[in-house]
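Peer 1:
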Amino acid sequence: MRGQDIHPRAARRIRSDHTSTAPSEFRHRVLADGVHDDVLEDSQLATLEDAIASLEDVRDERRETLRGAGDQGRTAGEPLPDLHRQARDRVRELCAARAGVVLADGDTWVAEGFEDAADVAAATREAAAWLRAHPDVRERVFEDDPLSTLATDGGRPQLHVGDHVQDRDDEGETPATMLAARVPVGDASGHEIDADGTTVADVNPDYPADDDVVEVVFPSRSDTDLTPQNRYAYPRGRLERTAAIHEEAED
């Protein structure tokens, strides 16, 4: 639809009103920038706005032609409130769809170097929170609930003791595999890792200070237990789950 001509008034409203209101639903750039582009490219919203603008023209022309006589100008515009509501609903649906894209593809963007891990972690938490706050929109947009497989830790998969994880910041050719040993153990700003009071948040400034902390171990074949002295604390957003212990048990 964007490649076709639409009513100039509709085009202006899409570019001014909706490209402002839709991004304002979100705080994080990853979500706001994405839905801004979605609004500009959505053919359904363009059709609704085109219909609104055309009907407004008819209403205004009827009013001018009749010079205020009768109520034909008013009745010509009676469908407008419902059409405006439909347009607002469509904007909300685009917001929900964008939140779903972030939940589904965020890890891939990080792995391919398109986005920073901390940015995706923050956007993922916000996307999940937005969808939880708008269940009616979520039900309209998604056949399968995108929250059904998410944990309460901001939208990332639930970690369990024994899950295999890797460090997103490990730039080696083959990142080391670790095991989740304690899940979770507090938040990054309050979890001290040194006697001087240094916290997980202090040594991980690129991750949210309120992120959950997960303790992991680097296993070897000689390990017989996951003793505390062998554990290392990471913010949850820095860890990518590569294998789930429950999935492995079902094989």
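So for the sequence shown, my numbering puts the first residue at 1016; every next one is plus one. Every residue, glycine too, gets a C-beta built ideally from N, C-alpha and C.
(1) With C-beta atoms as the reference, is H1179 less than 9 Å away from T1123?
(2) Mind checking G1187: buried by the 16 CB within 10 Å criterion, or exposed?
(3) Where does T1167 fall in DSSP's three states?
(4) Alpha carbon to alpha carbon, how far is P1220 from T1192? Give it in angstroms, no decimals.
(5) With the cut-off set at 9 Å, would you say H1043 and D1134 are in Cβ contact?
(6) From V1106, V1073, L1162, S1039, pick the residue whose C-alpha is nearest to that of V1054; which is it?
(7) Can you grab the Cα-Cα spacing for the pair S959 / V1198, in whole Å?
(8) Quick check: the region 1223-1231 against the region 1144-1164, are there 3 or more CB pairs under 8 Å?
(9) Please identify the residue among F1129, D1065, L1174, P1190 whose C-alpha is closest to the C-alpha of P1023.
(10) Helix, strand or coil for R1183, going by three-state DSSP, please let me know.
(11) In chain order, which continuous runs of the beta strand (DSSP E) of length 3 or greater are located wholly inside the region 1016-1077?
(12) With respect to the alpha helix (DSSP H) encompassing L1146, which residues constitute its N-terminal and C-terminal limits?
(13) Use the C-beta contact count for A1248: other C-beta atoms within 10 angstroms, 16 or more gives buried, fewer gives exposed.
(14) Find out if the Cβ-Cβ distance for the pair G1115, P1190 is shorter than 9 Å.
(15) From G1092 to R1100, what distance separates their C-alpha atoms?
(16) Once DSSP output is grouped into helix, strand and coil, what is the label at V1218?
(17) Compare the Cα-Cα distances from Q1173 to each of L1081, I1260, A1210 and report the closest residue.
(18) Going by C-alpha distance, which of C1110, D1151, V1200 is nearest A1138?
(19) Do you know offhand how far V1232's Cα is from A1195's?
(20) If you draw a straight line from the alpha carbon of D1032 to that of S1204, how long is it in whole angstroms?
(21) How about L1095 and L1063: are their beta carbons less than 9 Å apart?
(22) First and last residue of the beta strand (DSSP E) that includes R1107?
(23) According to the Cβ coordinates, are L1060 and A1102 closer than 9 Å?
(24) Looking only at C-alpha atoms, which of H1206, V1125, A1210, Y1222 sits nearest to E1230?
Peer 2: In terms of the structure at hand:
(1) In this structure, T1123 does not lie closer than 9 Å to H1179 by Cβ.
(2) Counting other Cβ atoms within 10 Å of its Cβ, G1187 stays below 16 and is therefore classed as exposed.
(3) Low per-residue confidence applies at T1167: pLDDT is 46, beneath 50, and the placement is therefore not dependable enough to give any value.
(4) The C-alpha of T1192 lies about 23 Å from the C-alpha of P1220.
(5) With contacts defined by Cβ atoms closer than 9 Å, H1043 and D1134 form a contacting pair.
(6) Among V1106, V1073, L1162, S1039, the Cα nearest to that of V1054 belongs to V1106.
(7) For the chain, the structure presents residues 1016 to 1266; residue 959 sits outside this window and is missing.
(8) Short answer: they don't touch.
(9) Minimum Cα distance to P1023 is reached at D1065.
(10) For R1183, the secondary structure class from DSSP, reduced to helix, strand or coil, is coil.
(11) Given a length threshold of 3 residues, the region 1016-1077 has no whole run of the beta strand (DSSP E) inside it.
(12) Where L1146 is concerned, the enclosing alpha helix (DSSP H) stretches over 1132-1148.
(13) Buried: at least 16 other Cβ atoms inside 10 Å.
(14) Cβ distance not < 9 Å, so G1115 and P1190 don't count as in contact.
(15) Computed Cα separation, rounded: 14 Å.
(16) In the structure shown, V1218 falls within a helical segment according to DSSP collapsed to helix, strand and coil.
(17) Nearest in C-alpha terms to Q1173, of all of L1081, I1260, A1210, is I1260.
(18) It is C1110 whose Cα lies nearest to the Cα of A1138.
(19) Taking the straight line from one Cα to the other gives about 7 Å.
(20) Whole-angstrom Cα-Cα distance: 39 Å.
(21) No, these two residues do not count as a Cβ contact at 9 Å.
(22) Premise fails: R1107 lies in the alpha helix (DSSP H), 1095-1126, not in any beta strand (DSSP E).
(23) Note that the C-beta distance between L1060 and A1102 is below 9 Å.
(24) Measuring from the Cα of E1230, the nearest candidate turns out to be H1206.
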